[in-house]
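Please read the structure below before turning to the comments.
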Amino acid sequence: MGRRTAIPFCDLRRQARSLGREIQQAVRRVCTSGAFILGPEVEAFEREFAAYCGSREAVGVASGTEALQIALLACGIQRGDEVMTVANAGVPTVAAIVLAGAVPAFVDIAADTYTMDASRVAAQMTSRTKAILPVHLYGQCAEMQPLLDLAKRRQIHIVEDACQAHGAMDHGRHAGTLGTVGCFSFYPTKNLGAYGDGGMIVTNDATLAARARRLRNYGARGKEAAELCGLNSRLDELHAAMLRVKSPHLDRWNERRRTLAAHYERRLTNPLVKKPRERPDAMHVYHLYVIACDQRDALRAFLLDRGIQTLVHYPLPAYAHPAYADSSAAARCPRTEAAARQVLSLPLYPELRDDEVREICRAVNAFSP
Ligand SMILES: *Cc1c(COP(=O)(O)O)cnc(C)c1O
């Protein structure tokens, strides 16, 4: 189109500028220390992140995807086991299940929150179901209590995908600490993002954490004999040091995200647009601000024409990707199908300015097909 993008979907440079000096000091500290892998920065960040979440253990890994894969393996998931999950959260979640040797079983979502519909899970479980993997999508926890009750009754694990939910809560407890194990990503645009890839596993189960520590390091602890077949999936000292600079700001950044979401909630008045719903008993941290509209693609083009960049999370259900094709899933997941056609993510990140939100809302409100 050749038009200038006046409001990009996200601009990470704004935050990088505000933290520049401290980040450079952290980088220098690691570079002169001579310790680059599994050293004091990773250990300290694991302690700090566990304390923040309120979990006993935290294990730094190389990405959110591998956090999920390692968490599943540490839970004892075996080849052919079934893991129940949702199909509207992008492909990494499903890739992790398949890479762990398991089979994803797709469950539909609740229409108003886009998270796993707990009422569908029980009906779809089979004797091969060994774990439930809910995704705390867009920064809001899936409704956990019914899933926790079900998992307890069936004696299976809950692995939480909290990759979009750093600091989010369900009934006052942090995302990632409700199930057996929780997984985080530090991909740069996440609510807590590194300057590259990174991830974290949190759990209260010391045995599971010890297995995860082996699995991230070729299956071995230090120079001991390898007891498990593992990966190389470690969080780097450099990333841990930089994340330690950023993590004290997480709550303030999340608060700013919530303030921006409240601006959107107040100012968006176009009746064609459905706004996100906050669960009353959860704290949403707005990794994304996602609206829904039947004329989504036309709205998206209309906004782009006015210099406003938006994204779609996600345009294709996981089971519609050739790699994870599941021909029976679409009929089972009508709400997932509808969401893929309707959802649209508006710009929202802590450094987005109030006047930019006003401009976005004016543009959305001016849309008619
Ligand atoms: C980002 C993300 C992942 C994957 O994290 P990476 O660090 O990119 O591997 C997994 N699940 C969800 C829901 C995510 O948003």
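Going by our numbering, 871 is the number at position 158 of the sequence shown; the sequence numbering is gapless.
Quick reminder that beta carbons are idealized off the backbone N, C-alpha and C, glycines included.
- The residue among Gly777, Ala1044 and Gly747 with its C-alpha nearest the C-alpha of leucine 905 is Gly777.
- Straight through space, the alpha carbons of leucine 861 and alanine 1031 are spaced by roughly 24 Å.
- In this structure, the beta-carbon distance from valine 755 to leucine 948 falls below 8 Å.
- Per DSSP, reduced to three states, the secondary structure at histidine 870 is strand.
- Relative to ligand 1, cysteine 854 has its C-beta separated by 7 Å or more from all heavy atoms.
- Note on isoleucine 914: 16 or more other CB atoms within 10 angstroms of its CB, so buried under the neighbour-count rule.
- Between the C-alpha atoms of tyrosine 1002 and alanine 974 there is a straight-line separation of about 7 Å.
- Counted as a single uninterrupted DSSP element, the beta strand (DSSP E) harbouring valine 816 occupies residues 816-819.
- Under the 8 Å Cβ criterion, the segment 805-816 counts as touching the segment 769-787, having at least three qualifying pairs.
- Between glycine 932 and alanine 925, the alpha-carbon positions lie close to 9 Å from each other.
- In the DSSP assignment, histidine 887 forms a beta bridge with Met882.
- Of all alpha-carbon atoms in Tyr827, Val774, Pro1063 and Ala836, the one lying nearest the alpha-carbon of glycine 895 is that of Val774.
- When distances are taken from the beta-carbon of tyrosine 851 to the heavy atoms of ligand 1, even the shortest one reaches 7 Å or more.
- Excluding residues up to 5 positions away in sequence, Ala813 and Leu928 lie with their Cβ nearer than 7 Å to the Cβ of leucine 786 in the same chain.
- Taking C-beta separations shorter than 6 Å and ignoring five residues to either side along the sequence, the partners of tyrosine 1037 in its chain run Val807 and Ala1031, following chain order.
- Going by DSSP, tyrosine 900 is part of no alpha helix (DSSP H) at all; its letter is neither H nor E.
- Taking the Cβ atoms as the reference, leucine 1016 lies roughly 6 Å from alanine 1076, within the contact range of under 8 Å.
- The alpha helix (DSSP H) runs lying completely inside the segment 944-1008 and spanning 4 residues or more are 950-959 and 963-980, given in chain order.
- Secondary structure note for serine 1058: its beta strand (DSSP E) is the uninterrupted segment 1056-1059.
- For the set Glu1072, Arg1066, Ser1081 and Arg1071, the Cα lying nearest the Cα of aspartate 724 is the one of Arg1066.
- When distances are taken from the beta-carbon of cysteine 876 to the heavy atoms of ligand 1, the shortest one is below 7 Å.
- Burial is judged here by how many other beta carbons sit within 10 angstroms of a residue's own beta carbon; asparagine 945 has fewer than 16 and is exposed.
- Taking a cut-off of 8 Å on C-beta distances, the segment 866-883 does not touch the segment 819-833, as fewer than three cross pairs fall below it.
- When Cβ pairs closer than 8 Å are counted between the two stretches, the segment 948-960 is seen not to touch the segment 1044-1064, the count staying below three.
- Nearest to tyrosine 908 by alpha-carbon distance, out of Arg866, Met882 and Ala953, is Ala953.
- Within the same chain, Cβ atoms closer than 7 Å to the Cβ of cysteine 1074 are found at Tyr977, Arg980 and Leu981, the five residues on either side in sequence being excluded.
- For secondary structure counted as the alpha helix (DSSP H) over 4 or more consecutive residues, the segment 817-855 holds these complete runs in sequence order: 831-837.
- Its chain contains Ala831 as the residues whose beta carbon lies nearer than 6 Å to that of glutamate 856, once the 5 sequence neighbours on both sides are disregarded; these appear in chain order.
- By the neighbour-count definition (other C-beta atoms within 10 Å, threshold 16), glutamine 853 is a buried residue.
- Boundaries for alanine 719: no alpha helix (DSSP H) harbours it, and the DSSP string shows neither H nor E there.
- Segment contact: the segment 842-851 against the segment 791-802, three or more CB-CB distances shorter than 8 Å; contact assigned.
- Taking every protein chain shown into account, the CB of alanine 757 has fewer than 16 other CB atoms within 10 angstroms, so this residue is exposed.
- Taking 8 Å as the cut-off, the Cβ atoms of histidine 1034 and valine 804 count as close.
- For tyrosine 900, the distance from the CB to the nearest heavy atom of ligand 1 is below 7 Å.
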